[in-house]
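Residue numbers (my numbering): 768 to 949.
Built from N, CA and C at the ideal position, the CB exists for glycine as well.
Fair warning: this is a prediction, and the values are worked out from it, not measured in the lab.
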(Lines of atoms letter the chains of each structure in order from A and count residues from 1; the text may use other names and numbers.)
(Lines give C-alpha, C1' and ligand atoms only; values in the text may rest on other atoms or scores of the structure.)
Protein backbone atom coordinates (compact mmCIF):
# COMPACT_ATOMS: atom_id res chain seq x y z
CA UNK A 1 0.00 0.00 0.00
CA UNK A 2 1.08 3.55 -0.47
CA UNK A 3 0.63 6.15 2.23
CA UNK A 4 0.84 9.91 1.80
CA UNK A 5 2.62 11.39 4.79
CA UNK A 6 1.13 14.71 5.89
CA UNK A 7 2.38 14.48 9.46
CA UNK A 8 4.77 12.35 11.53
CA UNK A 9 3.64 8.73 11.87
CA UNK A 10 5.12 5.62 13.40
CA UNK A 11 4.89 2.63 11.12
CA UNK A 12 5.24 -0.95 12.28
CA UNK A 13 6.26 -3.75 9.99
CA UNK A 14 4.87 -7.23 10.44
CA UNK A 15 7.07 -9.94 8.96
CA UNK A 16 5.53 -13.19 7.92
CA UNK A 17 7.39 -16.26 6.79
CA UNK A 18 6.80 -17.26 3.20
CA UNK A 19 4.69 -20.41 2.83
CA UNK A 20 5.23 -23.32 0.43
CA UNK A 21 3.45 -26.58 -0.37
CA UNK A 22 5.07 -29.89 0.65
CA UNK A 23 4.30 -33.01 -1.40
CA UNK A 24 5.78 -36.44 -0.62
CA UNK A 25 5.95 -39.26 -3.18
CA UNK A 26 6.70 -42.82 -2.02
CA UNK A 27 8.12 -45.11 -4.74
CA UNK A 28 9.84 -48.47 -5.20
CA UNK A 29 13.56 -47.90 -5.75
CA UNK A 30 13.77 -50.59 -8.48
CA UNK A 31 11.02 -49.56 -10.88
CA UNK A 32 9.74 -46.30 -9.31
CA UNK A 33 6.23 -47.75 -8.97
CA UNK A 34 4.09 -45.74 -6.55
CA UNK A 35 3.64 -47.24 -3.09
CA UNK A 36 0.34 -46.69 -1.28
CA UNK A 37 -0.05 -47.39 2.43
CA UNK A 38 3.11 -45.79 3.85
CA UNK A 39 2.51 -43.71 6.99
CA UNK A 40 4.62 -40.59 7.58
CA UNK A 41 4.64 -38.00 10.35
CA UNK A 42 5.79 -34.45 9.66
CA UNK A 43 7.36 -32.65 12.63
CA UNK A 44 8.04 -28.91 12.90
CA UNK A 45 10.85 -27.29 14.87
CA UNK A 46 9.66 -25.56 18.04
CA UNK A 47 11.30 -24.01 21.10
CA UNK A 48 11.07 -27.34 22.97
CA UNK A 49 12.20 -29.65 20.15
CA UNK A 50 10.10 -31.05 17.33
CA UNK A 51 6.31 -31.00 17.51
CA UNK A 52 4.22 -33.36 15.35
CA UNK A 53 2.17 -31.49 12.75
CA UNK A 54 0.45 -34.24 10.77
CA UNK A 55 0.46 -38.00 10.34
CA UNK A 56 -0.75 -39.04 6.90
CA UNK A 57 -0.82 -42.17 4.72
CA UNK A 58 0.16 -42.35 1.06
CA UNK A 59 -2.90 -42.87 -1.12
CA UNK A 60 -3.31 -45.02 -4.21
CA UNK A 61 -0.98 -42.66 -6.10
CA UNK A 62 1.77 -43.05 -3.48
CA UNK A 63 1.43 -39.37 -2.63
CA UNK A 64 0.88 -37.26 0.48
CA UNK A 65 0.08 -33.55 0.31
CA UNK A 66 1.18 -32.14 3.66
CA UNK A 67 0.00 -28.63 2.76
CA UNK A 68 1.81 -25.47 3.79
CA UNK A 69 5.26 -25.22 5.35
CA UNK A 70 7.25 -22.07 6.12
CA UNK A 71 10.62 -20.72 4.98
CA UNK A 72 13.53 -20.88 7.46
CA UNK A 73 11.82 -23.53 9.61
CA UNK A 74 13.32 -26.98 10.16
CA UNK A 75 11.03 -29.93 9.46
CA UNK A 76 11.55 -33.61 10.15
CA UNK A 77 9.90 -36.46 8.23
CA UNK A 78 9.61 -39.87 9.88
CA UNK A 79 8.27 -43.02 8.24
CA UNK A 80 6.08 -44.67 10.88
CA UNK A 81 4.86 -47.64 8.84
CA UNK A 82 6.12 -48.93 5.49
CA UNK A 83 3.81 -50.09 2.71
CA UNK A 84 3.04 -53.83 2.64
CA UNK A 85 6.01 -55.94 1.53
CA UNK A 86 8.58 -53.20 2.25
CA UNK A 87 10.84 -52.42 5.16
CA UNK A 88 10.74 -49.15 7.06
CA UNK A 89 13.32 -46.44 6.45
CA UNK A 90 15.27 -46.44 9.71
CA UNK A 91 16.37 -42.84 9.66
CA UNK A 92 14.30 -39.73 9.81
CA UNK A 93 15.54 -36.75 7.87
CA UNK A 94 15.37 -33.00 8.39
CA UNK A 95 15.05 -30.29 5.79
CA UNK A 96 14.20 -26.63 5.33
CA UNK A 97 13.60 -24.15 2.55
CA UNK A 98 16.39 -21.63 2.79
CA UNK A 99 18.25 -19.07 0.69
CA UNK A 100 21.06 -20.64 -1.35
CA UNK A 101 22.95 -18.38 -3.78
CA UNK A 102 20.28 -15.66 -3.46
CA UNK A 103 17.41 -18.03 -4.30
CA UNK A 104 15.22 -20.31 -2.22
CA UNK A 105 16.09 -24.01 -2.35
CA UNK A 106 15.58 -27.28 -0.51
CA UNK A 107 18.33 -27.83 2.07
CA UNK A 108 18.79 -31.14 3.92
CA UNK A 109 20.00 -30.44 7.44
CA UNK A 110 20.46 -31.89 10.90
CA UNK A 111 18.09 -31.06 13.77
CA UNK A 112 20.12 -27.90 14.50
CA UNK A 113 19.75 -26.60 10.95
CA UNK A 114 23.32 -27.32 9.80
CA UNK A 115 23.44 -28.43 6.18
CA UNK A 116 24.13 -32.14 5.62
CA UNK A 117 24.48 -34.32 2.54
CA UNK A 118 21.36 -35.75 0.94
CA UNK A 119 19.99 -38.78 2.83
CA UNK A 120 20.16 -42.15 1.10
CA UNK A 121 17.13 -42.89 -1.15
CA UNK A 122 15.68 -39.38 -0.61
CA UNK A 123 15.48 -36.79 -3.37
CA UNK A 124 13.84 -33.42 -3.39
CA UNK A 125 13.07 -30.55 -5.67
CA UNK A 126 11.85 -27.06 -4.93
CA UNK A 127 10.23 -25.03 -7.71
CA UNK A 128 10.28 -21.33 -6.70
CA UNK A 129 7.73 -20.21 -9.31
CA UNK A 130 5.02 -22.53 -7.89
CA UNK A 131 6.37 -22.65 -4.32
CA UNK A 132 6.05 -26.44 -4.36
CA UNK A 133 8.55 -28.68 -2.60
CA UNK A 134 8.40 -32.31 -3.76
CA UNK A 135 10.23 -34.97 -1.74
CA UNK A 136 10.57 -38.48 -3.16
CA UNK A 137 11.24 -41.37 -0.78
CA UNK A 138 12.44 -44.62 -2.36
CA UNK A 139 11.96 -48.02 -0.73
CA UNK A 140 13.46 -51.46 -1.36
CA UNK A 141 11.22 -54.51 -1.13
CA UNK A 142 11.79 -56.61 1.97
CA UNK A 143 10.40 -57.27 5.38
CA UNK A 144 11.60 -56.16 8.74
CA UNK A 145 12.85 -59.16 10.66
CA UNK A 146 11.29 -59.80 14.06
CA UNK A 147 13.40 -59.03 17.06
CA UNK A 148 14.82 -61.86 19.11
CA UNK A 149 15.13 -62.24 22.84
CA UNK A 150 12.83 -60.47 25.19
CA UNK A 151 10.72 -62.02 27.95
CA UNK A 152 10.15 -65.26 26.04
CA UNK A 153 13.80 -66.30 26.27
CA UNK A 154 13.75 -66.12 30.08
CA UNK A 155 10.70 -68.39 30.28
CA UNK A 156 12.24 -70.94 27.92
CA UNK A 157 15.55 -70.88 29.82
CA UNK A 158 13.87 -71.43 33.19
CA UNK A 159 11.66 -74.17 31.70
CA UNK A 160 14.71 -75.89 30.20
CA UNK A 161 16.58 -75.77 33.50
CA UNK A 162 13.60 -77.29 35.30
CA UNK A 163 13.41 -80.10 32.73
CA UNK A 164 17.11 -80.83 33.24
CA UNK A 165 17.07 -80.59 37.04
CA UNK A 166 13.94 -82.73 37.64
CA UNK A 167 15.47 -86.00 36.31
CA UNK A 168 18.72 -85.27 38.17
CA UNK A 169 16.88 -84.72 41.44
CA UNK A 170 14.76 -87.83 40.84
CA UNK A 171 17.87 -89.88 40.05
CA UNK A 172 19.65 -88.68 43.20
CA UNK A 173 16.61 -89.46 45.33
CA UNK A 174 16.47 -93.02 43.88
CA UNK A 175 20.18 -93.45 44.63
CA UNK A 176 19.63 -92.37 48.25
CA UNK A 177 16.70 -94.77 48.63
CA UNK A 178 18.73 -97.66 47.24
CA UNK A 179 21.62 -96.80 49.61
CA UNK A 180 19.31 -96.99 52.66
CA UNK A 181 18.17 -100.51 51.84
CA UNK A 182 21.64 -101.98 52.26
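Would residue i and residue j be called neighbours here (beta carbons separated by less than 8 Å)?
| i | j | result |
| --- | --- | --- |
| residue 709 | residue 852 | Only positions 768 to 949 of the chain appear in the structure, and residue 709 is not among them; the question remains open. |
| residue 831 | residue 846 | no |
| residue 791 | residue 807 | yes |
| residue 833 | residue 789 | yes |
Residues in the same chain with beta-carbon distance under 6 Å from residue i, minus the five sequence neighbours each way, listed in chain order, please.
| i | result |
| --- | --- |
| residue 871 | 864, 895 |
| residue 787 | 836, 864, 898, 900 |
| residue 880 | 841 |
| residue 868 | none |
State the Cα-Cα distance for the pair residue i and residue j, rounded to the nearest angstrom.
| i | j | result |
| --- | --- | --- |
| residue 904 | residue 931 | 52 Å |
| residue 858 | residue 920 | 29 Å |
| residue 935 | residue 929 | 10 Å |
| residue 775 | residue 768 | 18 Å |
| residue 925 | residue 933 | 12 Å |
| residue 812 | residue 773 | 44 Å |
| residue 823 | residue 782 | 30 Å |
Leaving out five residues before and five after residue i in sequence, what residues of the same chain have Cβ atoms less than 8 Å from its Cβ?
| i | result |
| --- | --- |
| residue 906 | 793, 794, 795, 796, 802, 805, 849, 850, 853, 854, 856, 888 |
| residue 784 | 837, 838, 839, 840 |
| residue 826 | 803 |
| residue 821 | 808, 809, 833, 834 |
Comparing the CB of residue i with every heavy atom of the ligand COA, is any distance shorter than 7 Å?
| i | result |
| --- | --- |
| residue 934 | Among the components modelled here there is no ligand, and therefore nothing to report on the ligand COA. |
Residues in its own chain within less than 7 Å of residue i by CB, not counting five upstream and five downstream?
| i | result |
| --- | --- |
| residue 876 | 841, 861, 862, 863, 882, 883 |
Every unbroken beta strand (DSSP E) within the region 814 to 855, with a cutoff of 3 residues, ordered by chain:
Fully contained in the region 814 to 855 are the following beta strand (DSSP E) runs of length 3 or more, in chain order: 816 to 824, 830 to 837, 842 to 848.
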